[in-house]
Structure formats: C-alpha cells, structure tokens
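The sequence shown maps to residues -24 to -1, 1 to 609 in mature numbering (1 follows the signal peptide of the UniProt record, and there is no 0).
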Amino acid sequence: MKQRSSSLILCFVLIVSFVASVSAQTCVHNGKNFIPNGTFDANRRLILSSLPSNAAAQDGFYSGSIGQEPSRVYAAGMCIPGAEANDCSACIKGASDWLVQARYWEIVPQYLVMNTANINSNITEFKKIWEGLIHGIIAAASAQKNGYKADVAALTPFQNIYALMQCTPDISSGDCDNCLRQSVIDYQSCCGEKTGGYVMRPICFFRWQLFTFSKAFGNITLAPPPPPPSPPPLLQRQPSSASDQAKKADTGNRNISMRTIIAIVVAVIIFIIIIIIIIIIVVVFARLSARRGKSDQQVEFNQTGITTVRSLQFDFKTIEVATNNFSERNKIGRGGFGDVFKGTLMPGGREVAVKRLSRTSEQGEKEFKNEVIVIAKLQHGNLVRLLGYSVKGEERVLVYEFVPNKSLDSFLSDPIKQAQLSWTKRFNIIKGIARGILYLHQDSRPKIIHRDLKADNILLEADMNPKISDFGTARIFGIGQTSSITERIFGTEGYMPPEYRCEGQFSVKTDVYSFGVLVLEIICGKKNRSFCSPGPDLVTYAWRLWREETPLELVDQTILENFPAEEVTRCIQIALLCVQHEPTDRPHVSTIVSMLTSTHMFLKHPDRWILYTRYPKQSTIMKSNSQTTNDGT
C-alpha cells in the first residue's frame, strides 16, 4: 500500500454540500447536478484554498462553510496533534486536490484500503495482540478531548504493531467511539488477516501497519516484559531426634527402590519411542526418494488431460553447463517465482533463457506445472515459446527461447530506450499483443486466460515484435466455459478489472481489461504505477482527457512531432472501451483486432469509467504488487 505523504503525517479533508453537519454519514440525493464554474464550484474552490492555512493555524483542525443556500459548501480538515504547521498545511493541500478528483463513493462516504500480503505468524496470537491494542486505542481516543491516540504493541521480539486513531474534535465521546468501532468492524470483515490498512470516514480515521508510518510513534516506548516469578523461600532445617532419623532412613531406602523402578520404565519407554521415530524417518525418506526418482524421469499431469512428452525434457547437467552453473554473471532478471538466466546450449550454441523456480516457494511448484501444461504445445509468433523443462530433486527449470530486447517495461522505464519507440513500432506492438491474446482466447485448444498481462510480461524481439510470456498464473477454460470464480486472486495491481480484483470473477474480459491498460501505457510512455496518489491513476487520467475532448494530451512527449493523430485517437478510444466497468461492455479480442486493422470499422463511444474503492470480503492473495523484472524469457 502506497504512503501518500513523504512528511509522514496524516490528514484528511471532507466536503459536505446542502447539509449543515459534518458528522452526517449518509449522502442526500436531491436530484441536483454539479455545474462546472457555477456558484457551488466557486464556493468549493474558495473554501478548499483557505482550508490548509486555517487548519494549520488552529492546532490542526478547522471546519467552516462558505456561500448561501442552496450553494453553500461545508468543509473540514484535520491533522494529527503535534504536526508541524508547514507539514499540516501541505498535507491538507494535497488531500484537497485529491478529493475533488472523480471518485465513486456509492452511498456511504467511506474509503478502505488494505495491504495485499497476509500475516505469516501465528494468526490466533496475532489477533489476540491486535485486538487488545486496537480496543485500547479506541477507549483512549474517545476519552481524549482531541479524539486522538497512537500506540504500539509487540507482536514478536523483532516485530511491532503500530496503530493510530483520530476523531474530529467537534463530536462527542460516544460518536467517536461508535465511528472507530464501526471502522474496525468493516476492516475485520474483509481484511482481518492482512498486514495493514486504513479506513477513512467523515468524522474518524483508523490506520495500522507493521512499520512506523507516522512521526506519532517516535515518543512511544514499549513496556518491559514482566519479571520472572520469585523462587519460593528456603525452609530452615530443624534438628531431628534419633527416631526421626531412623524413619527417614527407612523411607529413603524405599524411595531409592521406587526411583530405580521408575527410571528403568522411563528408559524403556524412551528407547521404544526412539525406535519408532527412526522407523518413521526411514519409511518417509524411502517414499520421498521414490517420488523424486519418478519426477526426475518424466513430468506428467494426467489429471489435466495433458501429458508432457519426454522430448521436451532437458538433462539438468546440460542446463547447468549452459548457464555456467547458474552464475550471477548469466543472471538477466527475475520472473514470476524465480530467477532468469541466459544460457547457451551445446552443441550448436543456441541462446536460451532459463527460469530457475524457487525451491522454497510452494507457488513456484504450481507455476512450473502450469507453464508446462499451458504453453508446451502453443505455437504462435506473439507467444514466447517453451523449449523444454528439467527436473532434478527439488530443482525445477523451464527453458524458453531467448528474446534479446528484454521486456516492454524496460523501454517504458528508461527515457533513452523510450525514445527508440516510434509510433509505428508502438502500434505494431499493440497489434501484436492483440493477436497473441486472440490466439489464447479463440484459436488455441483449450482456451487460455492469461490473468497477468502487463508490460513486464511483454518481451520484444530484435525487430520489436512482441511476445507474451509468464503463463504461471494462466487458467484453462473447458469447452463452453465462459467465466470462473476464485478466492485466490493472482495478478498485478493496476491491471486487474474490478470484478476480478474485488469479487474473484475472471473471464476472457479480464485479459481485455489488462490489454486496455497496456495500450494506454504504450501511448503515453509511462507505467500505470508511475501515476501515484494523490493524483489520478493512468486509467482515470485518460478518461478525464477523453471527457474533456483532449485525448492527445496523453501522447508521449518523445513522439509528439511525428504521429498520426487520428490513428492514435482511435487507439485511445479502443483502450477506453477495454477498461469499461462492466465486463459485458468490453469488446471481445477478435473485435479489438478488427478495430486495430480496419479504419472503417465503427467504434462505440465508451461509457463513463467507475473507480472501485470497495475491497473483497474474501481472502485474497496478490501475485505481485511491486515491480518485478522478467527479462529474456
């Protein structure tokens, strides 16, 4: 989850129109529409321009209104207590700019964001510590006059939980308590096992992380662990009589005999347990060895109906020689779940790309099987060809054709390489990607949904012909199957459509959405991740330009002087059709190919795009939320 401010303080801004209380949590729909440059717009700009300085001057909180009904605008801005005035003012200024962008809030003005990673420690112990910390902060914040509390709890000796809550100081203690508790309930209902997140409401704010996200934690120290219990006091010895000593001697003899018997019994039991453990270890090792021997010979996946042929299998020693024993000098990047090496097969000197799957990744094992199943028999000029595989013990290796120009991402991320992409080359890349997707969706048997189309997974040949790679998360569809639902969501943030990201539903339209984002990236020369909050993301920015009838402002500056405006505008329109909110409104890839190759084909006008701010209520696992490189495969 991206941090919005480099100053590491928290702030948020609320605008309320036509109602006088900023504590209202439900929007009132009275049939009125926003008019640009109207009275309401002028009042809104005026109050937002004064909000940063007013909040900074009044201990971090200010609420007020401007104008007369029905165009009166109410606004409130708040920073955490103790924030520097300059930092507070800058934060509220950024939040104000972000707030007036096109947003989709549905009925309740709530914004919930979660981290994508799951807690990897004892979840029961984590929840016990987390809930104790959170409920303690709620009680403390609602009791404070400023409605604010930040605190820390130790999860492990090396890991802490950091949490912060704040209510607007103009509400009652009871309203503050209710708002914070509802925020926690909403967060737990969808994201209880994630590694952090935050919930924003009009009158309260809640955030927690496993790292220090604010200066508020600088003066908080954890309490030392409780001291160990004191040993019981020693009893003083008392002098004993001769008869007492005789009794003790007799009792001692009996105790010695009993102790001897107990020791013998315990020793026998321990010996038997050791023998049983040794037998279990031998049996398990023998079974594992048998399985490994079978895996070393041939990889088969009979349950899928597709069995790899022995001709695809490489000797593992051959791969070691080709990559100089997987030397760091041969390493050219990192793909999904493993490192990628350049190799040279002997005899013949053929250059190949070798992906060595991580031996510690359970998902890497699944990706290995999936890649062999999915692309072993695929043959298309816009798909990376799998030459073979190799298995030895826990080692899993995939061998691909070598693609010299690396990935499309390497061109979009490098200003020098980016200048090499003329519009003609970019348009050919767009058409090539579309043809590759068409083959997967329509011409291959069975039908294949890629699920992770992005610039990192588009490799470029010497003539800039694109090739789709990385089929580790692809899914096979049976005859007549049109969609599927999963609780394990794999993909990359920014390329996933809302129905997949939020509900786990995927289909051929999932790849169409990702293709639309790719086209926008190719046209503007920037990655989607470079459009960071508080500004709009790439898709939102493109929609805004289209709505303002200035779509060519999206075009990369390096090709501004030499591109066909009509053709570029047509590509932008196709991309916006691909990223529409409803899957049924997106075109099939066969239609997209026709749109790209025929200038006479009529294009629909794209509907308004909607930004999803709700998150799924089932457990999700994101494959990659950060940048990876996938060069040469």
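We put the CB at the ideal spot given by N, CA and C, even for glycine. Since we're looking at a predicted model, the values are computed, not measured.
Integer-rounded CB distance, given that residue j should sit under 8 Å from residue i
i: Ala431; j: Ser383; result: 7 Å
i: Gly333; j: Arg372; result: A quick correction: the sequence has Leu, not Gly, at residue 333. The pair is a contact, with the Cβ atoms about 4 Å apart (cut-off 8 Å).
i: Tyr38; j: Gly58; result: About 16 Å; that fails the 8 Å criterion.
i: Glu343; j: Gly448; result: 3 Å
i: Leu156; j: Ala192; result: So it is not a contact: roughly 16 Å between Cβ atoms.
i: Val569; j: Arg402; result: In fact, because the Cβ distance is near 17 Å, the residues do not count as touching under 8 Å.
i: Pro442; j: Asn358; result: 6 Å
i: Leu24; j: Ser72; result: 4 Å
Span of the beta strand (DSSP E) around residue i
i: Thr132; result: 124 to 132
i: Val373; result: 371 to 377
i: Arg451; result: 451 to 453
i: Gly173; result: 172 to 176
i: Glu542; result: Per DSSP, Glu542 belongs to no beta strand (DSSP E); it is in the alpha helix (DSSP H), 541 to 554.
i: Phe182; result: 180 to 185
i: Ser459; result: 459 to 461
i: Val367; result: 362 to 368
i: Leu288; result: It is not in any beta strand (DSSP E) - Leu288 carries neither H nor E in the DSSP assignment.
i: Ile434; result: 434 to 436
Proximity winner among the options, relative to residue i (alpha-carbon distances)
i: Gly168; options: Gln77, Asn301, Phe102, Ile245; result: Phe102
i: Leu414; options: Phe491, Cys67, Lys401; result: Phe491
i: Ser159; options: Gln142, Thr171, Ser29, Ile254; result: Gln142
i: Asn404; options: Gln289, Glu437, Ala93; result: Glu437
i: Ser118; options: Asp146, Phe189, Glu343; result: Asp146
i: Ser420; options: Val495, Ala395, Leu429, Ile452; result: Ile452
i: Gly467; options: Ser460, Gly480, Asp513, Ile455; result: Gly480
i: Glu497; options: Phe292, Glu475, Tyr471; result: Tyr471
i: Leu553; options: Gln120, Glu542, Val565; result: Val565
i: Asp428; options: His417, Ile444, Val259, Met440; result: Ile444
i: Ala450; options: Asn346, Thr516, Tyr376; result: Asn346
i: Ile308; options: Ile249, His426, Pro380, Ala115; result: Pro380
i: Asn433; options: Leu494, Gly456, Ile392; result: Leu494
i: Asn300; options: Gln289, Thr15, Glu327; result: Glu327
i: Ile95; options: Pro474, Asp162, Ser25, Lys170; result: Lys170
i: Val360; options: Glu60, Glu543, Val375; result: Val375
i: Asn30; options: Ile455, Ala51, Lys503, Ala298; result: Ala51
i: Lys368; options: Ile255, Glu296, Pro391; result: Glu296
Three-state secondary structure assigned by DSSP to residue i
i: Thr236; result: helix
i: Ile11; result: coil
i: Val258; result: helix
i: Pro442; result: strand
i: Gln396; result: coil
i: Met577; result: coil
i: Leu429; result: coil
i: Met141; result: strand
i: Gln158; result: helix
i: Gln112; result: What sits at residue 112 in the sequence shown is Gly, not Gln. The answer is helix: DSSP assigns Gly112 an H, G or I state.
i: Gly408; result: helix
i: Met322; result: coil
i: Val49; result: strand
i: Glu101; result: helix
i: Val531; result: coil
i: Gly40; result: strand
i: Asn381; result: coil
i: Thr283; result: A caution first: Thr283 carries a pLDDT of 49, below 50, which makes its placement in the model unreliable, though a value can still be read off. Correct three-state label for Thr283: strand.
i: Arg421; result: coil
i: Ile245; result: helix
i: Arg402; result: helix
Neighbour flag for residue i against chain B, beta carbons, 9 Å
i: Arg402; result: In summary, chain B is missing from the structure at hand, where a single protein chain is found.
Host alpha helix (DSSP H) of residue i (start-end)
i: Leu494; result: 484 to 500
i: Tyr471; result: First-last for Tyr471: undefined, no H or E at that position.
i: Ile295; result: 292 to 298
i: Leu514; result: 514 to 523
Residue i Cβ short of 8 Å to the ligand NAP heavy atom set
i: Leu27; result: Among the ligands in the structure shown, none appear at all, so the ligand NAP cannot be discussed.
#### Entry: Start-end ranges of the beta strand (DSSP E) lying completely within the region 56 to 91, minimum 3 residues
87 to 90
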